[in-house]
Amino acid sequence: MSTYVICEGQLYACGSNCNGQLGMGDNINRATLTKVPCNAIFTMISYRKFHAVAIDDRGGLWVCGHNTYGQLG
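Residues in the sequence shown are numbered from 0 upward in steps of one, following numbering that gives the first Met the number 0.
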């Protein structure tokens, strides 16, 4: 299971990252909340077991996670 938090527009994540669903650019699991490395200001996040979808303050859509069948778009 993964957890995501938006604090002052910055996205933090922790937990399972076996499919890159934390958006860190790797597949390393994180035991503590870690800032997702990007300069966007996030306003909303939705996530499930293998994917995460976030919206930034400019309306940009960010997706990460399992994509074997192109499900991330």
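From the three backbone atoms N, C-alpha and C, an ideal C-beta is built for every residue, glycine too.
Between the Cα of residue i and the Cα atoms of the options, which residue gives the shortest distance?
i	options	result
Arg29	Asp55, Met0 and Tyr46	Met0
Tyr68	Asp56, His50 and Met43	His50
Val35	Gly59, Gly72 and Gln20	Gln20
Gly8	Lys48, Thr42, Gly24 and Cys37	Thr42
Val4	Val52, Asp25 and Asn26	Val52
Taking a contact to mean a Cβ-Cβ separation below 8 Å, would you say residue i touches residue j in this structure?
i	j	result
Asn157	His65	Lying outside 0 to 72, the shown extent of the chain, residue 157 is not represented and no answer is given.
Ile44	Asp56	no
Thr33	Gly14	no
What do you get for residue i, buried or exposed, if any count of 16 or more other CB atoms within 10 angstroms of its CB means buried?
i	result
Cys6	exposed
Checklist entry - Where are the alpha helix (DSSP H) runs, 4 residues long or more, that stay fully inside the segment 40 to 69, in chain order? => result none
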